[in-house]
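Enquirer: I have a structure here, written as structure tokens, and I will follow up with some questions on it.
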Amino acid sequence: MNRSILASAAIALVALPAVPALSQSSAQTMRDAQQGNRRGHQSDGEGQQQRQTHLQITGLSRQESDAMLPAYQAVQSQDWAAATAALPAAQAAAQSPTARYVLGQLELQIARGTNNSELMLQAVNQMIDSGAAPADQIEALQRAKTSLTAANVAQSDPAAAETQLAQLLAADANNIGTMIQLAEVKERLNKHEEAIALFQRAIAASTAAGQAAPQDYYRRALAIAYGAHLAQPSLEVATQLIAAYPTGENWRDSLRVYRSLATDRQAELDLFRLMHDAGALASEAEYVTYAETANRAVALGEVKSVLDEAFARNMIQASNATSVRALQSSAVNRMQADRGSLATEARNPATGTAALRIGDAYFGYGQYAEAAQAYRTALQKGGQDANLVNLRLGEALARAGQRAEAETAFRAVTGPHQPIAAFWLLFLAHPPQGQAAPAPAPAAAPAQ
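Each residue of the sequence shown is one higher than the one before, starting from 73 at the first, in our numbering.
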């Protein structure tokens, strides 16, 4: 049985009572008898009487209560091995309607503790068939039976399970457990977009009920979208995941998923800058590709600082160190002349293309105020994709600590670059937990 399907099926059982439901008098009788066990000075007859403990529930015979007591005690202590071992004796002794209902409760608790879907279904059937289930539990038990039946069927016949669960959800449209269970079945049937939609529906239903949807709902939906190579659903779920749970792991996974599915290569440098600031760079390939992308933009200081960091973090394999050092040295050798020409070129760039190049160069050296000014000049002179320039303007302003101005620039981005701008806005609002502000790469020092 797929554990995720079993877990979602078990959600349907949450509303059922704790197991077993003993009266205060029953519990007191057990305590009294246990105290009797410790009175070694009493007569054999009296001691024998007081050593016997019973589940005093109306409708249970002495024989039934004696047989169920070991399973009950093991369940109370969550000793599932002992509870499972004691179960056959309890099953053999349960004859009355009340005994069969209490047995079902015990079986259900053991099934929950051992993730046993077959025993869960057996327990629910036991309680229904006993004739002793309270009237206000019958509907919940019937729903649980349908859900568990579908969960068991899902392994061998997911199409049949899909039909059963769809009918169950139609009858109880707000049942989050059924939504999740049906989503898992849809995924098994390769109905990826329908599965994602159901996870999102469950998230919305949890939010509407005033509860935070479990992180696993988001991550399962993201995994499905990524596995099916669905770019737009991946973006939607990734941003939802980060907004709800902005952990470093979720930032890394979301940005790496987006990068693997994105077709916007023109703004790859902008994505790498965000991946760096969000702590999402985690491989040699990512660091080297980032440096190569910065090199094409003639952001020489960025090439140096990124590779400095890669070497400091031991991200570069020894077998590749020579070629990576060559890239780094090439950037360093050009830095002094590049720095010397920037101030003159920045006074009056001839074109928007030149201004964009100047902005990228200043950004690479960590001179974010100067970079922002150059990007604004690029917007004024034109000749460049204004969306790309606004994206980089937002990055420079974010690195300079001008959050409000950065947000304005990012919101001006439309078209293919808009998803990356949206991630940057999300980063400003929800940086990785423990990281209060953008963490720029260290500015490259002048060549020595």
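C-beta: ideal position from N, C-alpha, C; glycine also.
If you're wondering where the values come from, they're calculated on a predicted model, not measured in any experiment.
Determine the DSSP secondary structure at Ala-93, reduced to helix, strand or coil.
Expert: Per-residue confidence for Ala-93 stands at a pLDDT of 40, beneath the threshold of 50, marking its modelled position as unreliable; the derived number appears in the next sentence. DSSP places Ala-93 in coil when its eight states are reduced to three.
Enquirer: Along the chain, where does the alpha helix (DSSP H) containing Gln-505 start, and where does it finish?
Expert: Segment: none, Gln-505 is in no alpha helix (DSSP H) and carries neither H nor E.
Enquirer: Kindly indicate which residue of Ala-153, Ala-300 and Ser-202 has the alpha-carbon position closest to the one of Leu-175.
Expert: Ser-202
Enquirer: Suppose contacts are defined by Cβ-Cβ distances below 7 Å. Is Val-378 in contact with Ile-388 by that definition?
Expert: no
Enquirer: Could you tell me the alpha carbon to alpha carbon distance between Glu-477 and Ile-296, rounded to whole angstroms?
Expert: C-alpha separation (whole angstroms): 36 Å.
Enquirer: Would you report the Cα separation of Leu-469 and Arg-475, rounded to the nearest angstrom?
Expert: 7 Å
Enquirer: How would you call Ala-536, buried or exposed, if buried means at least 16 neighbouring beta carbons within 10 angstroms?
Expert: Residue 536 lies beyond the range of the chain shown here (73 to 520); nothing can be said about it.
Enquirer: In or out: Gln-408 buried (at least 16 other Cβ within 10 Å) or exposed?
Expert: exposed
Enquirer: To the nearest angstrom, report how far apart Gln-106 and Gly-185 are at their CA atoms.
Expert: For Gln-106, the pLDDT reaches just 37, beneath the cut-off of 50, and the residue's location in the model is therefore unreliable, leaving the point undetermined.
Enquirer: Return the chain-ordered list of same chain residues with a C-beta closer than 7 Å to the C-beta of Thr-456, the five sequence neighbours on each side being excluded.
Expert: In the sequence as presented, Thr is not what sits at residue 456; that position holds Gln. Taking C-beta separations shorter than 7 Å and ignoring five residues to either side along the sequence, the partners of Gln-456 in its chain run Gly-424, Thr-425, Leu-428 and Ala-450, following chain order.
Enquirer: Kindly indicate which three-state DSSP category Ala-398 falls into: helix, strand or coil?
Expert: helix
Enquirer: Three-state secondary structure (DSSP) at Asp-151?
Expert: coil
Enquirer: Could you spell out the range, first to last residue, of the alpha helix (DSSP H) harbouring His-489?
Expert: No residue range can be given for His-489, since it is assigned to no alpha helix (DSSP H) and is classified by DSSP as neither H nor E.
Enquirer: In this structure, how does DSSP classify Val-370 when only helix, strand and coil are distinguished?
Expert: Coil, per DSSP.
Enquirer: Using the rule of at least 16 other Cβ atoms within 10 Å of the residue's Cβ for burial, across every protein chain shown, is Asp-58 buried or exposed?
Expert: This structure cannot settle anything about residue 58, because the visible part of the chain is limited to 73 through 520.
Enquirer: Contact defined as beta carbons within less than 8 Å: I believe Tyr-434 pairs with Ala-422. What is the distance between those atoms, to the nearest angstrom?
Expert: Their Cβ separation, rounded to whole angstroms, is 17 Å, which puts Tyr-434 and Ala-422 out of contact at 8 Å.
Enquirer: Report yes or no: do three or more beta-carbon pairs, one from the region 358-365 and one from the region 337-350, lie closer than 8 Å?
Expert: yes
Enquirer: Evaluate Glu-442 with the Cβ neighbour count: other Cβ atoms within 10 Å of its Cβ, from every protein chain shown; 16 or more gives buried, anything less gives exposed.
Expert: buried
Enquirer: Return the first residue and the last residue of the alpha helix (DSSP H) that His-348 is part of.
Expert: In the DSSP assignment, His-348 falls within the unbroken alpha helix (DSSP H) covering 340-349.
Enquirer: Which residues in the same chain have their Cβ closer than 8 Å to the Cβ of Gly-454, if we skip the five residues on either side of it in sequence?
Expert: Gly-424
Enquirer: Enumerated in chain order, which unbroken segments of the beta strand (DSSP E) with a length of 3 residues or greater are wholly contained in the region 209-256?
Expert: Here no run is fully enclosed.
Enquirer: For the ligand MG, is there any heavy atom lying closer than 6 Å to the beta carbon of Trp-323?
Expert: Annotation note on the ligand MG: not contained in the displayed structure, which lists no ligands.
Enquirer: Would you tell me roughly how many angstroms separate the C-alpha atoms of Ser-391 and Ser-326, rounded to the nearest one?
Expert: 30 Å
Enquirer: What are the start and end residues of the alpha helix (DSSP H) that includes Ser-326?
Expert: That run of the alpha helix (DSSP H) goes 320-333.
Enquirer: Please name the residue in Ala-146, Lys-263 and Lys-217 whose C-alpha comes closest to that of Thr-250.
Expert: Of all alpha-carbon atoms in Ala-146, Lys-263 and Lys-217, the one lying nearest the alpha-carbon of Thr-250 is that of Lys-217.
Enquirer: Taking the alpha carbon of Ser-413 as the reference point, which residue from Val-196, Ile-430 and Leu-399 has its own alpha carbon closest?
Expert: Ile-430
Enquirer: Quick one: Cα of Met-199 to Cα of Leu-159, how far?
Expert: 15 Å
Enquirer: Around the C-beta of Asp-410, are 16 or more other C-beta atoms found within 10 angstroms, so that it is buried, or is it exposed?
Expert: With 16 or more Cβ atoms within 10 Å of its Cβ, Asp-410 is classed as buried.
Enquirer: Which same chain residues end up closer than 8 Å to Ile-210 when comparing Cβ atoms and leaving out the 5 residues on each side of it in sequence?
Expert: Ile-200
Enquirer: For Ala-93 and Ala-146, I'd like the C-alpha separation in whole angstroms.
Expert: Confidence in Ala-93 is poor, its pLDDT being 40 and thus under 50, which makes the residue's placement unreliable; the coordinate value appears in the next sentence. Using only the alpha carbons, I get a separation of about 15 Å.
Enquirer: Compute the Euclidean distance between the alpha carbons of Pro-169 and Gln-148, then round it to the nearest angstrom.
Expert: 23 Å
Enquirer: Rounding to the nearest angstrom, what Cα-Cα distance links Ala-243 and Ala-371 in this structure?
Expert: 60 Å
Enquirer: Mind checking whether Ala-267 and Ala-255 have CB atoms under 7 Å apart?
Expert: yes
Enquirer: Measure the C-alpha to C-alpha separation of Ala-493 and Phe-383 and round it to an integer number of angstroms.
Expert: 29 Å
Enquirer: Return yes when the Cβ of Ala-481 is within less than 7 Å of the Cβ of Leu-465, no when it is not.
Expert: With contacts defined by Cβ atoms closer than 7 Å, Leu-465 and Ala-481 form a contacting pair.
Enquirer: Measure the C-alpha to C-alpha separation of Glu-321 and Phe-271 and round it to an integer number of angstroms.
Expert: Distance between the alpha carbons of Glu-321 and Phe-271 is about 20 Å.
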